[in-house]
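Participant: In my numbering, the protein residues as written are 1435 to 2039. Cβ coordinates follow ideal geometry from the N, Cα and C atoms, glycine included. Here the structure is a predicted model, which means the values were calculated and not measured. Pasting a structure below so you can have a look.
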Amino acid sequence: MISPEDIKGPEELRRMNIDELNSLARSMREFIIRTVSGTGGHIGANLGTVELAIALHSVFDSPSEPIIWDTGHQGYAHKVITGRGALLKTLNTRDGMSRFISRRESGHDIIDASHAGTSISAALGIALARRIKGVRLPVAAVIGDGSICEGMALEGLNHAVAEKGIRLVIILNDNGYAISRGFGGIHNYLQSRRPEREEKLFTSLGAKYTGPVDGHDIRAMTEAFREVKDSEGVSVVHVRTTKGYGLEAADRHQYRMHFSFPFDPVTGKTTGEYSYTGYQDAASKAISGEMERDDSIVCVTASTVYATGLEPIAKAYPHRFFDPGMEEQHAMTLAAGLSLEGMKPVVFFQSTFMQRAFDQLFHDICYMDLPVLLLSVRSGLSGYDSPTHHGIYDLSYLRALPNLRILYPKDGYELERMVRDNLKTLSGPVLVCIPYGPVDEFSKEALHEPADSFAKAEVVREGRDMLIIAVGNRFGAAKEAMRRLRWQGWDCGLVNLRYVKPLPEAQLAILLDQSPRVVTVEEGVLDGGVGSSIAALMADRGLRCELLRIGLPTVFVEPWPSADICSAYGIDANGILKKIKGRWHEPQSASRKNRHSDRRFSGDR
């Protein structure tokens, strides 16, 4: 029997009988558990799709009959089948296998998929293009893990059933979960044990329906797929899988085992030093304290309860906590409605997913200037997930929104203060950016700083040669660079900006006017970022100081460890120091002395 690591491609599966396929499923599941328990990864969803991936590749001739995986974190078995089993051990390593479906890895990965709800629209586009070209091969879209509730998925389905002359097979992978537990009317409808109800949901729209089919029965699924593969129109095959299937620890904790750091496969507990208090946990704790005192505070998130540290709030205040599932656009406007009725909504998004609700933030919150507190979790670099998961664009694209105030704390104490103060005085939309990783604790002074002082940038140290303006999670690196510069004779100052939008312009104008050289440091793209806003302020005020902007280029940044990315792009302390000294070879004071000495020497001659 071939081992999972040795599979060269899906054509090998099509030469196997059902007993061999079942045996392969068992060995593949063991292989995924053994490997991912050592590397970390999306273990729960992938254990649920082993038999599904085998059945699909046994019937569809990928890539000519493309299989498009929605929410690409459920594609490990697909990757193994398409010849990448030996690479699975490189998950969560620099330049290793992606956690998600990735076109750079294989021609079998049709679209890059790391956000949910995209598969039906993309598959329909391919099917329509094939209709135009006269190609009559089918296209399959695998949607599930909660993503069928995404507005975009339903829009795609609504369009698809109205088209003629296409062959589109939608496989609904129904595991009852998204990132967290499934929720809502569609979820409840699909979870019913009355097949005629589920059939009616899709046939009433104009699609053919098959199911529900046992998602761990390869024979049943291959029969269902063969039956609909060459059918005209849209066919929905509803398969029921179990998230974490075959791993008792994941089966017991489907919610927590959606993603895991390296773990003990028996207990499910993480191994190594992965337990820490993150910024999202600090924010959740601060909000929980305010909710105890203020009954008008409510929390909203879009299927990221665990990732945003909200589990304690969900348990303590179930009637003031709303998780509608993977429905970011709805979640944003839901918060608007709560605000209109006098509530104080706190909306938790992972930065990468907040992008999906930009228009709702613009139209339904900022335009009406509604008092809503938004927390952008994992702002900045986010590690191994995907180039699309870095929160390095939020300052650039959100600074343009009228009425929105944007704050970025340097540590956990400032974060706590920003949350507390804004919940007490909330009068319009406020966004607080929350970095990824363990909480920094530079100084407790922010907790007790007078309100008028905390409402401005923090001048950590003044300097005659240079002023470094640091934004949020780059404060530590900027502070270390300042320390080294001062040790080398540079009279360097440091400012913790705190307020990204609006800038504390009057205060900054004075500081900039007193500084011959200014450096901005941010963990985001430079185009449209804080450095750009400082440059605009200098131009508007006619300030003549020299400016060096340090940040990230406008690219899709690699999914590496944050420390590696910071080093590669020169936004760690070493990189900041190197860029400063590459721009200015000596302190301003030394430059003045040298020019003065040169003039005296010339005169003496």
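1. Along the chain, where does the beta strand (DSSP E) that runs through Gln1763 open and close?
2. Beta-carbon within less than 8 Å of Thr1644's beta-carbon, same chain only, minus the 5 sequence neighbours each way: which residues are those?
3. Is the region 1561 to 1570 close to the region 1530 to 1545, with three or more CB pairs under 8 Å?
4. With three or more C-beta pairs closer than 8 Å as the rule, is the region 1944 to 1958 touching the region 1904 to 1921?
5. Mind reading off the beta-carbon distance from Phe1909 to Arg1851? Whole number of angstroms is fine, and I expect it under 8 Å.
6. Cutting at 6 Å between CB atoms, please list the residues of its own chain near Ser1820, excluding the five before and the five after it.
7. Between Pro1746 and Pro1699, what straight-line distance do the alpha-carbon atoms span, to the nearest angstrom?
8. Would you report the Cα separation of Ile1721 and Arg1854, rounded to the nearest angstrom?
9. Is it true that the CB of Gln1948 sits closer than 8 Å to the CB of Ala1891?
10. Have a look at Ala1973, Asn1856, Met1788 and flag the residue whose alpha-carbon is nearest the alpha-carbon of Asp1413.
11. Whole-angstrom Cβ separation of Phe1782 and Thr1735, contact assumed at under 8 Å?
12. By the three-class DSSP mapping on this structure, what secondary structure does Asp1664 have?
13. Using the C-alpha atoms, what's the distance from Lys2015 back to Leu1919?
14. Who are the Cβ neighbours of Glu1446 in its own chain at under 8 Å, not counting the five residues just before and after it?
15. Give the range of the alpha helix (DSSP H) segment to which Ala1557 is assigned.
16. How many Å lie between Ala1487 and Ile1515 at the Cα?
17. Could you give the residue range of the beta strand (DSSP E) that holds Asn1930?
18. Please classify Val1470 as buried or exposed, where buried requires at least 16 other C-beta atoms within 10 Å of its C-beta.
19. Could you tell me how far apart the beta carbons of Gly1482 and Thr1675 are, in whole angstroms, since I believe they sit closer than 8 Å?
20. Considering Cα atoms alone, identify which of Ile1620, Asp1651, Gly1506 is closest to Phe1636.
21. Does DSSP put Ala1904 in a helix, in a strand, or in coil?
22. Put Lys1642 into one of helix, strand or coil per three-state DSSP.
23. Cys1800 to Asn1837, Cα distance in whole Å?
24. When the Cα atoms are used, what is the spatial distance from Asn1451 to Lys1703?
25. Have a look at Pro1444 and Glu1499 and give me their C-alpha separation to the nearest angstrom.
26. So Ile1387 packs on Arg1833, CB below 8 Å; how close in whole Å?
27. For Asp1803, count neighbouring Cβ atoms within 10 angstroms of its own Cβ and tell me buried if that reaches 16, exposed if not.
28. Looking at C-alpha atoms only, which residue of Val1811, Leu1795, Val1873, Ser1813 is the closest neighbour of Pro1805?
29. Which runs of the alpha helix (DSSP H) fall wholly inside the region 1706 to 1744 and span at least 4 residues, in chain order?
30. When the distance is taken between beta carbons, is Leu1602 closer than 8 Å to Val1573?
31. When you compare the region 1842 to 1851 with the region 1710 to 1720, are there three or more beta-carbon pairs, one atom per stretch, that lie closer than 8 Å?
32. Should Asp1440 be labelled buried (16 or more other beta-carbon atoms within 10 Å of its own) or exposed?
33. Should the region 1676 to 1684 be called in touch with the region 1464 to 1478, which here means at least 3 C-beta pairs below 8 Å?
34. Please name the residue in Leu1772, Thr1767, Cys1926 whose C-alpha comes closest to that of Arg1754.
35. Under the DSSP definition of a beta bridge, which residues are partnered with Ser1694?
36. Please determine, among Leu1455, Gly1962, Pro1987, the residue with the shortest C-alpha to C-alpha distance to Tyr2003.
Facilitator: Looking at the atomic coordinates:
1. Here Gln1763 belongs to no beta strand (DSSP E); instead the alpha helix (DSSP H) covers 1762 to 1774.
2. Within the same chain, Thr1644 has close Cβ partners Ala1658, Glu1661, Val1662, Ser1669, Val1670, Val1671, His1672.
3. no
4. yes
5. Rounded, the Cβ-Cβ distance is 15 Å, inconsistent with contact.
6. Phe1534, Ser1548, Pro1993
7. 26 Å
8. 7 Å
9. Against a cut-off of 8 Å, the Cβ pair of Gln1948 and Ala1891 comes out as no contact.
10. Lying outside 1435 to 2039, the shown extent of the chain, residue 1413 is not represented and no answer is given.
11. Contact check for Phe1782 and Thr1735: beta-carbon distance about 4 Å, within the 8 Å limit, so the pair qualifies.
12. coil
13. 9 Å
14. These residues qualify, in order along the chain: Ile1436.
15. 1553 to 1567
16. 8 Å
17. That run of the beta strand (DSSP E) goes 1926 to 1930.
18. Around the beta carbon of Val1470, a 10 Å sphere encloses 16 or more other beta carbons of the protein chains shown; the residue is thus reported as buried.
19. 4 Å
20. Ile1620
21. Three-state DSSP puts Ala1904 in a strand.
22. strand
23. 6 Å
24. 37 Å
25. 12 Å
26. Because the chain in this structure spans residues 1435 to 2039, residue 1387 falls outside the shown range and cannot be described.
27. exposed
28. Leu1795
29. If we require 4 residues or more, the alpha helix (DSSP H) runs fully inside the region 1706 to 1744 come out as 1713 to 1727.
30. yes
31. Contact holds: three or more Cβ-Cβ distances are below 8 Å.
32. exposed
33. yes
34. The residue with the shortest Cα to Cα distance from Arg1754 is Leu1772.
35. Residue pairing for Ser1694: DSSP places it in a beta bridge opposite Gly1475.
36. Pro1987
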